[in-house]
Amino acid sequence: MKRITSFGILASTVLAFASPVLAQTVFVSTQLRPIEEATVVRQDLLKDAGKVDYVVEEPPQFAVRMEAEAKAGKHTVSLVGALHGELSPLADKDQLEPLDNLAKKLAGGGMPQSLLDLGKLGKSTQQYIPWMQATYVMAAKKEALQYLPKGADINAITYDQLIEWGKNMQQATGQPQIGFPAGPKGLMARYFQGYFYPSFTGGVVRTFKNADAAAGWEKLKALWAYVNPNSTNYDFMQEPLAAGEVMVAWDHVARLKNAISASPDDYVVFPSPAGPKGRGYMPVLAGLSIPKGAPDVAGAMKIIETLTTQKIQLLTASKVGFFPTLNVQLPPDLDKGVALLADAVTKTQAAKDAVISLLPVGLGDKGGEFNKVYMDSFQLIVLQNQPVGDVLAKQGAVMAKLMTDTKAPCWAPDAKSDGACPVQ
Amino acid sequence: MTQNRPWIPYLLILPSVVFLGLLFIMPLVQTIWLAVSDDGAPSLANMQRMVSDINFMQSVRNTFLLTIVVVPVQIAIALAMGTMVAKIGRGRETILWIWTIPLGISDLAAGLVWLSILQNTGYFNSLLFSLGVISRQASWLSYQTPVALFIAIAVAEIWRGTAIVVMVIIVAGLNQVPKEFKEAAEIFGAGPWTRFRKITLPLIRPALQSALILRTVLAFEVFAVVYALGGRNFPVLVGEAYNWQNQNQNYSVAAAYAVLIMVISLAATLVYLKAFKVDPERLP
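So the sequence lines, in the order shown, correspond to chains C and P. Quick note: the first sequence uses the working numbering, first residue 1, plus one each step. Quick note: the second sequence uses the working numbering, first residue 1001, plus one each step.
Pasting the structure below:
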């Protein structure tokens, strides 16, 4: 009897551990990681996609895992969901299955060709299918609006007005009230690539160290006087906003959502400020890819098709605050906070002076070092108060080397280049 | 028994040697190679990259400064705590148990505990506000308050790491000092300070040496507490290795940092071994 029991326990243990691996399609994602969001994915979004094991992975670990599976030749992952920039190194190493048939089908079903083209990652075949998108906006507590400079339209705010606004708030409350996510896990590098540089210089790489850039950095230093010094500890701006540490903040919509959804009546959400060259903004795009050698390609295809149906795309928007890649209208009964964010995104895209900054293509696994150039410049110029010209000259050389090493061509808003994007 | 079969001791330690060889020596060699090669050829490019990085000098300075401040304070506190608890009869176990609580908490959790105390909306500010010392939230952990940030990190590190020194010194050292020596010294008229300096201190030397090596090596590897409290405001060596590995995705420069940390730790251990010459008869 005892023997049978122990055998039974052993057998059920083996089954419990072995069966999910055998029967389920493993879907690894760097997006929708927090437990609430992952639960939504498992229980709502993937309900009709068959048996799926939805696994979340931090971006650095994701890169390591994909590299390890490719090198070992033993694949467990059938589908990956990750940001454009995280999929780019995989495409670079030819580790992704081409998805052209699926892309053709989706183009017929209302996915904009411009988005699908981004999914080619500069190659001739479709590397990923656009899954969901987002961007960065600003949010302010309504009580901050009384300090807005006279005549300023919050939906068309400029850097000069933002600086004056910050000054007014500081004078009234005695504390700097603007916040940026410049902490170790914050997305500050994206601010420079998608917002600061396009707004002040009309470029990202070519214009890295020119006179416009130097003038822009001086302006940022002026703004930083009214920025909460704890910004270098902030990762998600929803936290300091909700805690009342800052009244005005810039961040990714998904990183503002919790604060705004919790009390939508207390906030206004609006586009990022404009500089002399326009109002820079950067779309965020997450995509779905099938790694080469995936154990269950058919299951993965089915998940992609499910996640790109109109119904699930709208459900994704209302539940987790990432917007559809299909060309669809958001429903009127949307979560109030998400509706505020969506409205600001539409206003950003529709702004007359909008300067779109596309996602970098061709940097391969140097995306992290590309970010570092901007963050190092920020640290030296703004935090350590070093001369702008010297810092830009030095960091410009680092940038130029990075570009020649990766041979990455220019992307918008920079003018196209033959070969590596030059730093002028 | 072992005289007939001299290979038995070797056989018995073989598993641990193989284990260390596989899981320690091999990755170590790989890491060193990663640090001193570029595209498969020997090169110092990664080292140069590391040294010329904007955070390098700062992280070296911060790590050493933290070690120099934290370790002596920890040893002093541990000695005081150890001597005090030696006089206690009943309840000694309970006190020791309470002292070891920080040992049971992970580094990062300890960092987060201190973060909840010291952040803008933390307990410390609430206390100061209720006492009327400050009229609005004050920042202690920002890049504009480097001294406060340093003190905060040092205090958190001292809180977290002192327990292990206490345990080593008490369990291995102070407990071993024979009572007779102290009694004899007392009869000859030695005061408490003289007894401590002339009897206790020399006798706990081996334990002190172990504690110092342990704490110093750990102090050079400080990371999670600093990461939680200082973020990018207070670069340290291990933090930089982490950033190069995780954020910049450049494993070679991360390996260069790892090698540098290892060299520093080995050098510190060597210095202690030389500086505290322990009577070989007292070694285990």
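We put the CB at the ideal spot given by N, CA and C, even for glycine.
Buried/exposed call for residue i, threshold 16 Cβ in 10 Å
i, result
"Lys257/C", "buried"
"Pro1006/P", "exposed"
"Tyr1123/P", "exposed"
"Ile260/C", "buried"
"Asp92/C", "buried"
"Lys372/C", "buried"
"Pro1095/P", "Reading the sequence as shown, one finds Ile at residue 1095/P and not Pro. Exposed: under 16 other Cβ atoms inside 10 Å."
"Phe1019/P", "exposed"
"Val268/C", "buried"
"Met1057/P", "exposed"
"Tyr191/C", "buried"
"Glu143/C", "exposed"
"Asn1175/P", "exposed"
"Ala393/C", "exposed"
"Met399/C", "buried"
"Glu86/C", "buried"
"Lys416/C", "exposed"
"Trp250/C", "buried"
"Glu369/C", "buried"
"Val21/C", "Bear in mind that a pLDDT of 46 at Val21/C, under 50, signals an unreliable position, so the model cannot answer this."
"Gln61/C", "exposed"
"Val1017/P", "exposed"
"Ile1068/P", "exposed"
6 Å Cβ shell around residue i - same chain, five flanking residues per side excluded
i, result
"Thr348/C", "Pro271, Tyr281"
"Lys407/C", "Ala420"
"Ala1258/P", "Thr1031, Ala1241"
"Asn304/C", "At residue 304/C the sequence reads Ile, which differs from the Asn that was named. So the qualifying residues of the chain are Ile129, Leu288."
"Leu15/C", "Because the pLDDT of Leu15/C is 47, which lies under 50, any placement of that residue in the model is unreliable, and the question is left without a value."
Residues near residue i in its chain [Cβ-Cβ closer than 7 Å; skip 5 each side]
i, result
"Val26/C", "Asp53, Val55, Thr76, Val77, Ser78"
"Lys292/C", "Gln95, Leu96, Glu97"
"Ser1037/P", "Ser1043"
"Gly50/C", "Thr25, Gly299, Lys302"
"Trp1159/P", "Pro1102"
"Ser19/C", "With a pLDDT of 44 at Ser19/C, under the threshold of 50, the modelled position of that residue is not reliable, and the figure given next carries that caveat. None."
"Gln386/C", "Leu380"
"Phe1181/P", "Ile1199"
Within chain D, partners of residue i - CB distance below 9 Å
i, result
"Gly174/C", "Structure shown: chain D not included; protein chains present are C and P."
Distance between beta carbons of residue j and residue i, contact taken as under 8 Å
i, j, result
"Val137/C", "Val253/C", "6 Å"
"Leu285/C", "Gln161/C", "Rounded, the Cβ-Cβ distance is 30 Å, inconsistent with contact."
"Leu176/C", "Ser1142/P", "The sequence shown places Pro at residue 176/C, not Leu. Not quite, the Cβ-Cβ distance comes to about 10 Å (not below 8 Å), so this is no contact."
"Leu32/C", "Ala38/C", "6 Å"
"Ser88/C", "Gly367/C", "7 Å"
"Leu397/C", "Leu358/C", "Checking the sequence shown, residue 397/C turns out to be Ala, not Leu. Their Cβ separation, rounded to whole angstroms, is 24 Å, which puts Ala397/C and Leu358/C out of contact at 8 Å."
"Gly278/C", "Ala354/C", "7 Å"
"Val1071/P", "Arg1215/P", "5 Å"
Contacting residues, own chain, Cβ-Cβ under 8 Å from residue i (five flanking each side not counted)
i, result
"Leu1065/P", "Phe1150"
"Thr404/C", "Ala420"
"Ser1210/P", "Val1168, Ala1172"
"Lys120/C", "Gln126, Gln127"
By the 9 Å beta-carbon criterion, what residues does the segment 1121-1142 of chain P contribute toward chain C? Thr1121, Ser1135, Arg1136, Gln1137, Ser1139, Leu1141, Ser1142
Under 7 Å (Cβ pairs) to chain P, residues found in the segment 216-249 of chain C: Pro229, Asn230, Thr232, Asn233, Ala243, Glu245
Determine contact between the segment 1247-1263 of chain P and the segment 1075-1094 of chain P, defined as no fewer than three beta-carbon pairs at a distance below 8 Å. no
Does the pairing of the segment 1089-1104 of chain P with the segment 1161-1175 of chain P give three or more beta-carbon distances under 8 Å? Short answer: they touch.
Between the segment 1017-1051 of chain P and chain C, which residues of the former have a C-beta closer than 7 Å to a C-beta of the latter? Flagged: no residues at all.
Would you call the segment 173-192 of chain C and the segment 230-241 of chain C in contact, with 3 or more CB pairs under 8 Å? yes
What are the residues of the segment 33-62 of chain C that lie near chain P, defined by any Cβ-Cβ distance shorter than 7 Å? Pro60
Are at least three pairs of beta-carbons, each pair with one atom in the segment 1208-1220 of chain P and one in the segment 1053-1069 of chain P, less than 8 Å apart? Output reads yes: the segment 1053-1069 of chain P touches the segment 1208-1220 of chain P.
Give, in chain order, every residue of the segment 1051-1077 of chain P whose Cβ lies closer than 7 Å to some Cβ of chain C. Ile1054
Name, going along the chain, the residues of the segment 380-394 of chain C whose beta-carbon falls closer than 7 Å to a beta-carbon of chain P. Leu380, Leu383
Name the residues in the segment 198-210 of chain C whose C-beta lies less than 9 Å from a C-beta of chain P; which are they? So the list is empty, because no residue satisfies the distance condition.
Contact between the segment 122-132 of chain C and the segment 321-328 of chain C is defined here as three or more beta-carbon pairs at a separation below 8 Å; is this criterion met? yes
Does the segment 1191-1202 of chain P come close enough to the segment 1102-1120 of chain P to have 3 or more Cβ pairs within less than 8 Å? no
Mind checking the segment 1241-1261 of chain P against chain C and listing, in chain order, the residues whose C-beta falls within less than 8 Å of any C-beta there? Asn1243, Gln1245, Asn1246, Gln1247, Asn1248, Gln1249, Asn1250
May I ask you to list, following chain order, the residues of the segment 153-185 of chain C that have a beta carbon less than 7 Å from some beta carbon of chain P? Gly174, Gln175, Gly183, Pro184
Sufficient close CB pairs (3 or more, under 8 Å) joining the segment 1224-1233 of chain P to the segment 343-357 of chain C: no
Using a Cβ-Cβ cutoff of 7 Å, what residues of the segment 1083-1108 of chain P are near chain C? List them in chain order. none
Quick one: which residues of the segment 1143-1168 of chain P get their C-beta closer than 9 Å to a C-beta of chain C? List them in chain order. Tyr1143, Gln1144, Thr1145
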